[in-house]
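Listed in order, the protein sequences are those of chains L and U.
So for the first sequence, the numbering used here puts the first residue at 1; every next one is plus one.
So for the second sequence, the numbering used here puts the first residue at 1; every next one is plus one.
Here's the structure we're looking at; comments come further down.
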Amino acid sequence: MKKRAFYIIWACIILINFNSKAQMNFSKDSLGLYSDTVFVTANKSERQVKNISVPISMITGKSIVQAGNTRLADVLREQNGITMTSGFGAGVQLQGLNPDYTIILIDGEPLIGRTAGVLDLNRIAVGNIKKIEIVKGPSSSLYGSEAMAGVINIITDKKNTDALSANIRYGSYNTKDGNISISKRVNKLHAQTFYNYYSTDGFSVRPNSNNRFITPIARTTFTQNIQYKFTDKTSIDGSVRYNTENIKSIIAVANNGTTIYSNGNENNNDLNGSIVVNHKFSDKIKTKLNTYYTQFKSKQDLLTVSGNPYNDLFQQNFKRVEDQTEWKINASLNSIIGFGWITENVNSSRYDNIDSAKTNNIQYAFNQWEWNNGKKWVANAGFRYDKNQNFASAFSPKFSLMYKVNTQLRFKLSAGRGFKAPDFRQLYLNFTNAAAGSYSVFGAVEAQKVINRLMDLGQIGNLFSNFYQLKKLEPEYATGIHVSAEWEPNQSNEIQVQFFRNDINNLIDVQQVGNYISGSQIYSYLNIKNAFTTGFEIETKQKFAKGWTSAIGYQFLITGDKDQIASIKSGTVYTKNDNGTSRLLKLSDYVGLPNTSKHRLQAKLNYENTKGFYANIRAIYRSKWAVANTNGNEVFDEGDQFGAGYITLNYSMGKPLKKGWAIQAGIDNINNYMDGLNLPNLAGRTFYITLKYSTQK
Amino acid sequence: MKKAIWKSLVVVMTSVFLFSCSKSTTTVVAPLSATTVKDLPADTIIGITPQGQPFGTGKFTFYSLEKNTIIANSDSATTKWDLAFNGTKILTNSGNSGSGLGGAFIQIGLFEELKTISSDSVFKTDNGPSSYAVTFGSGRGWYTYDPIKNLVTPLAGRVLVIRTASGKYAKVEIIAYYKGGATLAATAPDAEKISKQRYYTFRYIFQPNGTRNF
Chain L
1 MKKRAFYIIW
11 ACIILINFNS
21 KAQMNFSKDS
31 LGLYSDTVFV
41 TANKSERQVK
51 NISVPISMIT
61 GKSIVQAGNT
71 RLADVLREQN
81 GITMTSGFGA
91 GVQLQGLNPD
101 YTIILIDGEP
111 LIGRTAGVLD
121 LNRIAVGNIK
131 KIEIVKGPSS
141 SLYGSEAMAG
151 VINIITDKKN
161 TDALSANIRY
171 GSYNTKDGNI
181 SISKRVNKLH
191 AQTFYNYYST
201 DGFSVRPNSN
211 NRFITPIART
221 TFTQNIQYKF
231 TDKTSIDGSV
241 RYNTENIKSI
251 IAVANNGTTI
261 YSNGNENNND
271 LNGSIVVNHK
281 FSDKIKTKLN
291 TYYTQFKSKQ
301 DLLTVSGNPY
311 NDLFQQNFKR
321 VEDQTEWKIN
331 ASLNSIIGFG
341 WITENVNSSR
351 YDNIDSAKTN
361 NIQYAFNQWE
371 WNNGKKWVAN
381 AGFRYDKNQN
391 FASAFSPKFS
401 LMYKVNTQLR
411 FKLSAGRGFK
421 APDFRQLYLN
431 FTNAAAGSYS
441 VFGAVEAQKV
451 INRLMDLGQI
461 GNLFSNFYQL
471 KKLEPEYATG
481 IHVSAEWEPN
491 QSNEIQVQFF
501 RNDINNLIDV
511 QQVGNYISGS
521 QIYSYLNIKN
531 AFTTGFEIET
541 KQKFAKGWTS
551 AIGYQFLITG
561 DKDQIASIKS
571 GTVYTKNDNG
581 TSRLLKLSDY
591 VGLPNTSKHR
601 LQAKLNYENT
611 KGFYANIRAI
621 YRSKWAVANT
631 NGNEVFDEGD
641 QFGAGYITLN
651 YSMGKPLKKG
661 WAIQAGIDNI
671 NNYMDGLNLP
681 NLAGRTFYIT
691 LKYSTQK
Chain U
1 MKKAIWKSLV
11 VVMTSVFLFS
21 CSKSTTTVVA
31 PLSATTVKDL
41 PADTIIGITP
51 QGQPFGTGKF
61 TFYSLEKNTI
71 IANSDSATTK
81 WDLAFNGTKI
91 LTNSGNSGSG
101 LGGAFIQIGL
111 FEELKTISSD
121 SVFKTDNGPS
131 SYAVTFGSGR
141 GWYTYDPIKN
151 LVTPLAGRVL
161 VIRTASGKYA
171 KVEIIAYYKG
181 GATLAATAPD
191 AEKISKQRYY
201 TFRYIFQPNG
211 TRNF
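As structure tokens, then:
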């Protein structure tokens, strides 16, 4: 069955290839590396790709459309060096670092609304995206908290001409997706409207698990942008984005072995709005004043079989005012100075009181210097300082250097420090799970206060020594070093090699700090762990005759918890033999951090002719990763439970029809690989067909 | 392997020869071998409460390490038993659990490598319900409990050093908490996790001569 599908696809490609006698045209910048294409995320200002001294990658809107992707998670899953994680939605793992450590921006503004540190990237529709820019390595020197592993910036398509486009898609699992985008220009006013609706009957089938369910989801996204140009020197740009999703689920809670089923309805809303004023004082100095507001609201209602309702509410507000001034000192020197103020507040039913908002205020300033004399060297240095109300302040420096040997070969070196602020959950959580074992988790700010009160009430059985170590949490830090080489020997070949090493200190981890009289555990958060991720990435792109292109990416990744490695080396970590007896754990048994895979490979073959017909097949491989500790120690080793390595194959093809119409069809996960337990976000084989209309070519 | 046996034999023989020349009379003791107890029931599940809590009869299973046998519940007040099992709780015949000379502590290390109980070791006694010689609770004594997967996993590298009711010494390693002598897979059905739990498989060495050496 699998083979047959494969042959049919290739037959299609070959057939169409023979039919088209057309000549191929090569666009000179399609490989992208040395191009004049503008890239904004790396320097927080528009720069040409060839002048950026940190490792970057870019996904064009065209490649997203041709791959038939509809959600951001689907797009990123196919990129080199990126793994999508499951659990609390689809999170992004960059170079082995958890989803908490990558900041996601839309047009430069951060998205909020993380659950257990994970921002679910299925929330983001990609129907109106011009390109996605990715910067790898710590970028807190410009973006502050969360930009530890890197930055993913989604640049929406802000056309400045009149245009209308729409598409409608239908696929397996009764999945419907529709987009409308309109852009209109009236004199000095440009406006773009985007609307997306997505719904699916769901697919999450987990064998042998409590959660035997499919989750029907419906999502709606609405975006409105308006730009008004007063003069050539002054413009104002306003945008609003609203996203709402409804997830229906049957949730199973295991209570000491019995399972209680509940009907759940989860509703997540996020709203983002920004007003940006741009002003050029002169050719040398320009400034950007930016006001941003975003809100994330999540509501979960559960009705258990016994009729007991359970509500979970979470609401987060984020307000920011930032000014950024760019000063072109001379032809080769440029400086950016920025400062800003953030106020964030959260209400949650999992904190002590839903009505009392937890607040954090941050004041920050950053400064960046760029030197580029248009010859062989490009240098960039900068820093940012964040003063936080509720936790220790953070200083984030960064330095990068590029050497252009010639027009074909370049070397880059960058080093920087990134940080992630403790989140509200780590500070304020006040949660007792009555359903499973009555354990409690208290945020670091709450823990001592709450536990001392419980102590007075005589409810505390015993406290561990780390209870007395509880204090003001510090941000988590990462120091990253990247060395890369980029080589484009000719117009048709390109290769990039990149080595990376990230050292993460002060990792916040949940730890047991004591017990209730009943024996149930009490947990809180401490800065205790130190970890690293290291490895390399290779990416090649080739152009062949007659419109064929291919791309191959590979990532090799090693991760580890430094303290655990030290314990293993000192001979104090044990593991279980198959027969249940214990033995000493060897370092060679150690596999590092959970959810990280040693090998990741992707390959893409694409065909496109001058008439606009295209077809592509993409393969993604991920090697095994540790999911759970099952053999009686606290480290992940070969004896633990793993998710099995797997391959998925995706295929899509499309063709323009007459009068602005186009059609696309594809199959995701052709080989129908499913692992409901470890990959709940991976749907089985999915067929889809899309009909598009556009007034523009 | 064979070589190693020969080598050690040579070493033993030489030392026997050397020591027998000296004045002190050393008797060569046959090495103690480990005994494995398989699937010892410890208040197995007989039903589930309407609230979803599985339950047993609440009774302990009493065990004599000296005799390697289960002791009747009617003898719970005697010094015939050394350990008593109920769910994840293990009692020693000491303190407020029993009238014996028992006690215990948990040593981090390997079962085979514990040759001598060091003289400065402190044996704890039971003082239920607030403290037990074999520390009770997930991650604190001999096991961890994962509430999401609903599994009890014995910790690797934990030796239960036991003082028996008669004041002699034994060492114990818990191998599994589920019937069949192996921890169930995380993916095992809930029904199996309920019906197969509370069956201990453990190995132990009891030193009958009263010394702290194994």
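Backbone N, C-alpha and C fix where the C-beta goes; we use that ideal spot for every residue, glycine too.
In this text, all values refer to a predicted model and were calculated from it rather than measured experimentally.
Taking Cβ-Cβ distances shorter than 9 angstroms, what residues in chain L pair up with residue i?
{"i": "A182 (chain U)", "result": "D578, N579, G580"}
{"i": "S130 (chain U)", "result": "G461, N462, I517"}
{"i": "F111 (chain U)", "result": "T581, S582"}
{"i": "T78 (chain U)", "result": "The premise fails here: T78 (chain U) is roughly 28 angstroms from chain L at the closest Cβ pair, so nothing lies under 9 angstroms."}
Count the other CB atoms, across all protein chains shown, that sit within 10 Å of the CB of residue i; report buried if there are 16 or more and exposed otherwise.
{"i": "E488 (chain L)", "result": "buried"}
{"i": "N19 (chain L)", "result": "Reliability of the predicted coordinates at N19 (chain L) is poor, the pLDDT of 40 falling under 50, and the value obtained from them is presented with this limitation in mind. Burial call: exposed."}
{"i": "K376 (chain L)", "result": "exposed"}
{"i": "R453 (chain L)", "result": "exposed"}
{"i": "N681 (chain L)", "result": "buried"}
{"i": "P138 (chain L)", "result": "buried"}
{"i": "K449 (chain L)", "result": "exposed"}
{"i": "Y468 (chain L)", "result": "exposed"}
{"i": "D100 (chain L)", "result": "buried"}
{"i": "V92 (chain L)", "result": "buried"}
{"i": "L587 (chain L)", "result": "exposed"}
{"i": "P475 (chain L)", "result": "buried"}
Skipping 5 residues on each side, what residues in its chain have a beta carbon closer than 8 angstroms to that of residue i?
{"i": "K286 (chain L)", "result": "N278, H279, K280, T325, E326"}
{"i": "Y428 (chain L)", "result": "V346, S348, Y351, D352, K358, G443, V445, E446"}
Beta-carbon within less than 7 angstroms of residue i's beta-carbon, same chain only, minus the 5 sequence neighbours each way: which residues are those?
{"i": "P397 (chain L)", "result": "S141, F383, G416, R417"}
{"i": "N25 (chain L)", "result": "Here the model assigns N25 (chain L) a pLDDT of 34, short of 50, so the residue's position is not dependable, and the following value carries that caveat. Around N25 (chain L): T610."}
{"i": "T115 (chain L)", "result": "F88, G89"}
{"i": "T57 (chain U)", "result": "D43, I46"}
For residue i, which residues in chain L fall below 8 angstroms Cβ to Cβ?
{"i": "F136 (chain U)", "result": "G519"}
{"i": "I175 (chain U)", "result": "N579, G580, T581"}
{"i": "T201 (chain U)", "result": "G580"}
{"i": "G139 (chain U)", "result": "Q512, Q521"}
Using C-beta distances below 6 angstroms, list every residue in its chain close to residue i, excluding the 5 sequence neighbours before and after it, in chain order.
{"i": "S57 (chain L)", "result": "I134"}
{"i": "I182 (chain L)", "result": "L164, T193"}
{"i": "Q641 (chain L)", "result": "V627, A628, T630"}
For residue i, which option in the options has the closest C-alpha, if you only look at C-alpha atoms?
{"i": "T343 (chain L)", "options": "L:T690, L:E322, L:G639", "result": "L:E322"}
{"i": "N311 (chain L)", "options": "L:D301, L:S45, L:G137", "result": "L:D301"}
{"i": "D668 (chain L)", "options": "L:I152, L:N616, L:I337", "result": "L:N616"}
{"i": "A421 (chain L)", "options": "L:D177, L:K412, L:A478, L:M455", "result": "L:A478"}
{"i": "F499 (chain L)", "options": "L:N505, L:I522, L:T534", "result": "L:T534"}
{"i": "A603 (chain L)", "options": "L:D201, L:G547, L:T648, L:I155", "result": "L:T648"}
{"i": "T291 (chain L)", "options": "L:F318, L:F88, L:Q66, L:T221", "result": "L:F318"}
{"i": "F536 (chain L)", "options": "L:Y516, L:L72, L:A566, L:S597", "result": "L:S597"}
{"i": "E146 (chain L)", "options": "L:E109, L:N334, L:H599", "result": "L:E109"}
{"i": "K193 (chain U)", "options": "U:F202, U:D75, U:Y178", "result": "U:Y178"}
Please classify residue i: does DSSP put it in a helix, a strand, or coil?
{"i": "I329 (chain L)", "result": "coil"}
{"i": "M653 (chain L)", "result": "strand"}
{"i": "E476 (chain L)", "result": "strand"}
{"i": "G87 (chain L)", "result": "coil"}
{"i": "S27 (chain L)", "result": "For S27 (chain L), the predicted model reports a pLDDT of 36, less than 50, meaning its position is unreliable and no value from the coordinates is stated."}
{"i": "S465 (chain L)", "result": "helix"}
{"i": "R350 (chain L)", "result": "coil"}
{"i": "N93 (chain U)", "result": "coil"}
Could you work out which residues of chain U lie near residue i, taking near to mean beta carbons separated by less than 9 angstroms?
{"i": "Y574 (chain L)", "result": "I108, G109, L110, L155, A156, G157, R158"}
{"i": "G632 (chain L)", "result": "Y143, T144, T153, P154, L155, A156, G157, R158, T183"}
{"i": "A381 (chain L)", "result": "The contacting residues do not exist; A381 (chain L) stays about 46 angstroms from chain U at best."}
{"i": "A357 (chain L)", "result": "Under the 9 angstroms cutoff, chain U gives no residues; its nearest Cβ is about 31 angstroms from A357 (chain L)."}
{"i": "A566 (chain L)", "result": "Per Cβ cutoff of 9 angstroms: no residues; A566 (chain L) is ~16 angstroms from chain U at best."}
Taking residue i as the query, report the chain U residues whose CB atoms sit under 8 angstroms from its CB, ordered along the chain.
{"i": "Y439 (chain L)", "result": "P147"}
{"i": "L677 (chain L)", "result": "T187"}
{"i": "A644 (chain L)", "result": "What A644 (chain L) touches in chain U: nothing, since even the nearest Cβ is about 13 angstroms away."}
Using a C-beta to C-beta distance shorter than 7 angstroms, which residues of chain L count as neighbours of residue i?
{"i": "G47 (chain U)", "result": "By Cβ distance, chain L contributes nothing, its closest Cβ being about 11 angstroms from G47 (chain U), past 7 angstroms."}
Can you name the residues of chain C whose CB is closer than 7 angstroms to the CB of residue i?
{"i": "Q641 (chain L)", "result": "Within the model displayed, chain C is absent; protein chains L and U are what it includes."}
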